[in-house]
Amino acid sequence: MALALQAKNLTVSARIDGALVPAVRALSFDLEPGRILGLVGESGAGKSMVGRAIAQLLPAGFSITSGALLFEGEDVAGMPPRRRRALLGRAIAFIPQAPMTSLNPVLTVGAQFDEHLARFGAASRRARRDRAVAMLTAAKLPHAAGLLGQYPHQLSGGMCQRVLIALAFSTDPRLVVADEPTTALDVTTHPPILTLIADMQRQHGTAVIFITHDLRLAAQLCDQVTVMYAGRAVESGPARAVLATPAHPYTRCLQLANPSLRAERRALYVMPEQMPSLRQLRDLVGCHFAPRCPLVTDECRRGEPPDIAVATGHRAACIRTAATAGIAAAVRDDVAVRAGEQPLLQVVGLQKIYTVGAGPFGGGRAVAAVKRASFSIAENEFVALVGESGSGKSTIAKLLVGIEQPTAGRIVFAGEDLAATRNRAQRAASVQMVFQDPQSALNPRRRVASIVTQIMEAGSRHADWDQRLARTKDLLAEVGLSADFATRLPGQLSGGQRQRINIARALCALPRLLVADEIVSGLDVSIQAQLLNLLARLRAELDFAMLFISHDLSVVRHLCSRVLVMYDGEIVEQGPVAAVFDNPQHPHTRALISSVPPDEPQAPWAALKA
Amino acid sequence: MADALARSLRSPRVLIALGMLLCIGFCAVFAGLIAPHDPGDQNLLSILTPPAWVDGGDRNYLLGTDSLGRDVLSRLIYGARTAMLVALFASFGAMVIGTVLAHIAGYFGGAVDWLIGRAVDVWMSFPPVILSLILMVGLGTGLSKVILAIVLVDWTRFCRVLRSEVLIVTRHDYVAAARLLGFTHRQTIVREVFPATAPLLITLVSLEMAIAVIVEAILSFVGLGVGADQPAWGQMIADARQYVYQSPWNLLLPILAIFITVTAFNLLGDGLRRTLDVRLAETGR
């Protein structure tokens with residue numbers, strides 16, 4: 005039988021300053037019909053390039069420079085546009101990353117289905133409608149017939165993704181490319197969406213390329229995986245074998261960098277620095293992982309490592325595979341700092357009601373973002389606030405720092421009612437916030453020194469520049485950046501570096517409480533591990549408490565000692581992390597916990613079932 | 009910002025426009041030195057002479073004379089002074105009012121935004137030329153009155169465009185972060201929001217200067233401009249209109265002057281927009 009998709013030494017290059025730099029280097033894989041191949045890697049690894057190469061949607065300046073990508077034996081790159089158009093959408097379908105923006109907002113679901121099916125020759129309007137209803141029903145969407153008349157904005161993100169999956173499989177494709185199909189969705193929708201993709205794939209006998217950054221997820225869903233780093237497939241083989249006994253140090257480090265939800269708490273493995281950018285790749289000789297590799301030898305820096313078979317079908321691009329199993333995280337673990345006894349923050353009956361759709365003369369309807377929330381945080385304690393989007397957790401953050409005023413309830417900080425605190429400077433010095441999106445949180449026109457010491461120019465304070473530079477030096481050292489960052493602009497920093505600056509700014513006046521809103525959620529696992537360790541170290545050194553808002557339970561369990569679970573504007577469960585996660589009481593807490601795939605590749609994932 | 013300005017100085021559009029404006033500006037500043045005659049001096053013995061290179065031209069009057077025997081070249085040069093003064097002060101005044109209101113409306117939102125937004129709507133519902141004519145009738149003629157009329161009419165242009173830019177900038181977390189660090193509202197607007205809207209503002213000012221030149225010409229044309237004692241291009245067009253068949257040059261030359269000035273300002277605005285606007289600069293379009 006012909007292979008559904010085959011990559012033969014596929015190289016995709018970008019033109020940078022006149023030179024060709026490979027973003028994907030000599031990638032080879034075989035995907036048999038009816039199988040799932042996982043492409044795993046962090047951002048910038050080149051994993052999305054394969055899907056883009058098939059669709060001929062490579063970013064500007066990128067092109068396939070050598071090798072071939074064969075769909076059922078036919079070269080995708082060289083085929084005439086007419087032939088490609090006939091294949092794309094029908095024989096090759098795509099499930100996108102952002103379902104909400106992938107449907108046309110001005111057309112009903114039915115119209116989009118009809119258009120899609122009509123393109124591929126479904127004869128009558130009636131037949132197309134029947135097919136649409138059948139597919140939507142198969143995607144486990146309730147009231148499929150009624151759904152056809154609805155617009156995308158009337159559906160949730162999970163429902164949009166189901167519609168897109170139904171759409172993708174409606175033409176019985178032979179290959180489906182799913183690019184991070186759950187990343188933009190709430191965690192509790194992950195298992196059902198993945199189950200749906202797996203079911204559809206089985207029923208239609210489709211080959212699937214599943215692109216993801218999550219090793220645990222890939223182990224559960226895929227037959228084969230290819231782990232990518234800086235454009236090269238560093239390890240490939242049967243999914244469970246690769247992830248149970250990783251041979252490449254990168255795969256192993258990545259696993260150890262990810263905190264576990266179920267196993268005993270352990271220190272995270274922290275890879276230094278970050279994946280080289282394309283610009284850096286140009287000047288890099290030897291193994292691309294060498295600068296971050298714990299097993300690096302001089303030989304690694306001399307030439308690129310060959311692909312070595314470590315077991316049947318299991319290959320790794322490393323000369324030191326034998327030593328990989330021995331990599332372990334440092335024993336020292338800064339996280340386990342005991343929290344103080346004294347309550348620092350007490351929140352009683354906090355409530356926030358927004359008026360939606362009101363004009364200047366009133367009207368509109370009331371929506372309770374936070375219904376009634378009471379909790380406390382002790383000195384030096386890290387408390388997590390978990391919940392899905394729309395649960396009201398960001399509203400609580402805004403209320404605590406004073407961006408929004410509560411409708412009712414009291415916020416008592418160190419014995420003082422914060423709402424009564426008129427002194428903004430005092431408030432700024434005691435409670436600070438780290439924002440979710442470091443890109444948006446840093447003024448692109450200020451230099452790092454000016455950003456991190458911004459509090460020193462607030463109000464009537466006018467610290468002189470020498471003082472600010474001295475403080476900048478200390479702060480940069482605290483967050484693990486060298487002093488020469490002081491003169492850079494945010495645009496010259498990577499995501500992880502920006503988030504460090506973001507943290508440094510909040511810590512400038514040594515606040516006693518830090519409110520951190522999803523500060524690691526947009527970052528790669530290796531960068532996330534760096535930041536989690538940084539936060540733990542800073543707590544030990546600077547002595548502050550933190551409300552850590554997150555949707556990632558593994559991270560929460562690693563970093564925090566207590567957890568508050570929020571659902572629909574209410575705190576439905578709270579307690580010590582161990583107690584809540586080992587014995588969840590509220591159904592929503594249970595749903596959240598079961599949405600996280602198990603650590604062990606062989607262990608069954610109860611949530612992922614037919 | 010400084011980088012962007014330096015970059016814009018390498019754009020050919022900006023350079024050409026600046027070159028043209030420098031010439032016009034030189035005429036305006038040193039009108040007294042370079043004009044061959046006093047613009048008000050009448051020589052009734054040689055009226056409506058054509059430019060020197062045309063048959064019947066007089067070497068003494070390089071671009072000819074008008075119906076009262078005044079030197080056209082000198083009047084054009086002094087007219088540049090009027091046009092540039094109006095362009096500079098009127099657009100600056102409109103910018104100040106529009107920018108302040110736009111930042112207040114966009115930053116605070118809510119009722120303030122509504123109030124300012126409706127004021128702009130009502131203001132803009134009057135045709136601008138009619139509104140400025142009415143204002144001129146009320147204010148009387150004179151250079152400062154022309155400037156005032158243009159400021160009062162055109163601040164809405166700045167207000168409306170900038171407000172939406174302020175809205176976008178204000179939504180960035182760094183604005184909220186500044187507040188959390190203890191910045192007052194005024195500090196936040198001046199130090200965080202304004203630097204982000206400034207590139208758009210600079211572009212708008214240069215476009216507004218072109219509009220101010222045109223409006224001044226229109227007002228002078230209908231006799232409600234800077235006053236009869238001060239030469240203005242619009243006035244020259246109005247005078248020449250009656251003798252268009254005897255002496256078309258008198259009509260064409262001030263029109264050409266207006267055309268060149270407005271083109272220069274528009275070219276400058278376009279060039280600045282292309283280099284200062286991050287979104288356009290990145291795509292290279």
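Respectively, the protein sequence lines represent chains H and B. All the letters of the first sequence, read from the start, carry residue numbers 5 to 614 under the working numbering. All the letters of the second sequence, read from the start, carry residue numbers 9 to 293 under the working numbering. Even for Gly, the Cβ is constructed at its ideal location relative to N, Cα and C.
Chain B within 9 Å of E461 (chain H), Cβ atoms only: The beta carbon of E461 (chain H) falls within 9 Å of a beta carbon belonging to chain B, placing the residue at that interface.
Nearest candidate by alpha-carbon position, reference Q360 (chain H), set H:F124, H:G368, H:L354: The residue you asked about is not Gln; residue 360 (chain H) is Val in the sequence shown. Checking every option, the nearest Cα to that of V360 (chain H) belongs to H:G368.
Any C-beta of chain B under 9 Å from that of S444 (chain H): Put simply, the CB of S444 (chain H) is near chain B, with a gap under 9 Å to one of its CB atoms.
Proximal chain B residues relative to I407 (chain H), where beta-carbon distance stays under 8 Å: Listed along chain B, the residues sitting closer than 8 Å to I407 (chain H) by beta-carbon distance are A184, R187, L188.
Among B:L232, B:I105, B:V169, nearest to L151 (chain B) - alpha-carbon criterion: Comparing Cα positions, the closest option is B:L232.
Cβ-based burial, R78 (chain B) [other Cβ within 10 Å; buried from 16]: Classification for R78 (chain B): buried.
Terminal residues of the alpha helix (DSSP H) in which F379 (chain H) lies: Note, F379 (chain H): premise wrong, no alpha helix (DSSP H); beta strand (DSSP E) at 369 to 382.
Interface residues of chain H facing T192 (chain B) [CB-CB closer than 7 Å]: Contact note: T192 (chain B) reaches chain H through G463, using a C-beta cutoff of 7 Å and chain order.
Interface residues of the region 198 to 225 of chain B facing chain H [CB-CB below 9 Å]: So the close ones are R199, E200, P203, A204.
Secondary structure of I245 (chain B), DSSP reduced to three states: Three-state result, I245 (chain B): helix.
Where the region 36 to 59 of chain B meets chain H: residues whose CB sits under 9 Å from a CB there: Hits within the stretch: zero.
Pairwise C-alpha distance: N258 (chain B) and V234 (chain B): About 20 Å.
Own chain partners of T269 (chain B) with C-beta closer than 7 Å, once the 5 adjacent residues on each side are dropped: Closer than 7 Å at Cβ, skipping near neighbours: I32, A91, V221.
For V529 (chain H) and L43 (chain H), the rounded distance between their alpha carbons: Rounded to the nearest angstrom, the two C-alpha atoms are 16 Å apart.
Closer than 9 Å to chain A by CB, A429 (chain H): In the structure shown, chain A cannot be found, because the protein chains are H and B.
Residues of its chain near E604 (chain H), where Cβ-Cβ distance is below 6 Å and the 5 sequence neighbours each way are ignored: Excluding residues up to 5 positions away in sequence, nothing lies with its Cβ nearer than 6 Å to the Cβ of E604 (chain H) in the same chain.
Beta-carbon proximity of R132 (chain H) to G93 (chain H), cut-off 9 Å: For R132 (chain H) and G93 (chain H), no; Cβs fall outside 9 Å.
Cα-Cα separation, F293 (chain H) to D441 (chain H): Whole-angstrom Cα-Cα distance: 28 Å.
Outcome for A313 (chain H) when other beta-carbon atoms lying within 10 angstroms are tallied against a minimum of 16: By the 16-neighbour rule on beta-carbons within 10 angstroms, A313 (chain H) is exposed.
Minimum Cβ-Cβ distance from D528 (chain H) to chain B less than 9 Å: Chain B contact via Cβ: absent.
Backbone secondary structure at Y155 (chain H) - three-state DSSP: DSSP places Y155 (chain H) in coil when its eight states are reduced to three.
Contained beta strand (DSSP E) runs [length at least 3] in the region 139 to 194 of chain H, N- to C-terminal order: Whole beta strand (DSSP E) segments, 3+ residues: 179 to 183.
Length of the line joining the Cα atoms of V174 (chain B) and T192 (chain B): A straight-line Cα-Cα distance of about 17 Å links V174 (chain B) and T192 (chain B).
Rounded straight-line distance, which links the Cα of A607 (chain H) to that of L497 (chain H): Straight-line spacing of the CA atoms in L497 (chain H) and A607 (chain H) works out to 39 Å.
Inter-stretch contact at 8 Å, needing at least 3 Cβ pairs: the region 125 to 136 of chain B / the region 50 to 67 of chain B: Because the criterion of three Cβ pairs below 8 Å is not met, the region 125 to 136 of chain B and the region 50 to 67 of chain B do not touch.
D556 (chain H) to C164 (chain H) span [Cα, whole Å]: Going by C-alpha positions, D556 (chain H) is about 22 Å away from C164 (chain H).
Segment contact, 8 Å Cβ cut-off, at least three pairs: the region 158 to 174 of chain B with the region 98 to 109 of chain B: The count of Cβ pairs closer than 8 Å, one atom from the region 158 to 174 of chain B and one from the region 98 to 109 of chain B, reaches three, so the stretches are in contact.
Selection of the region 496 to 518 of chain H by Cβ proximity to chain B, strictly under 9 Å: Per Cβ criterion, the list reads N506, R509, A510, C512, A513.
Residues sharing a beta bridge with D586 (chain H), DSSP: Looking at the DSSP output, D586 (chain H) sits in no beta bridge, so it has no partner there.
Cβ-heavy atom distance, A204 (chain B) to the ligand NAD, below 8 Å: Within the structure as shown, the ligand NAD is missing, as the structure has no ligands at all.
Under 9 Å (Cβ pairs) to chain H, residues found in the region 166 to 180 of chain B: The region 166 to 180 of chain B vs chain H, Cβ under 9 Å: R179, H180.
According to DSSP, residues forming a beta bridge with G42 (chain H): DSSP, once it has assigned bridges, lists H:F214, H:V229 as partnering G42 (chain H).
Alpha carbon of I24 (chain B) to alpha carbon of A43 (chain B), nearest angstrom: Whole-angstrom Cα-Cα distance: 24 Å.
Q195 (chain B): contacting residues in chain H (beta-carbon distance under 9 Å): Around Q195 (chain B), the beta-carbon contacts reaching into chain H at under 9 Å are E461, A462, G463.
Distance between A157 (chain B) and V524 (chain H) (C-alpha atoms, nearest Å): For V524 (chain H) and A157 (chain B), the distance between alpha carbons rounds to 55 Å.
Beta-carbon contacts of R47 (chain B) that lie in its chain and below 6 Å, excluding the five residues immediately before and after: Inspection of the sequence shows that residue 47 (chain B) is occupied by Pro rather than by Arg. Closer than 6 Å at the Cβ level, and outside the excluded window around P47 (chain B), lie S82, R83, Y86, P239.
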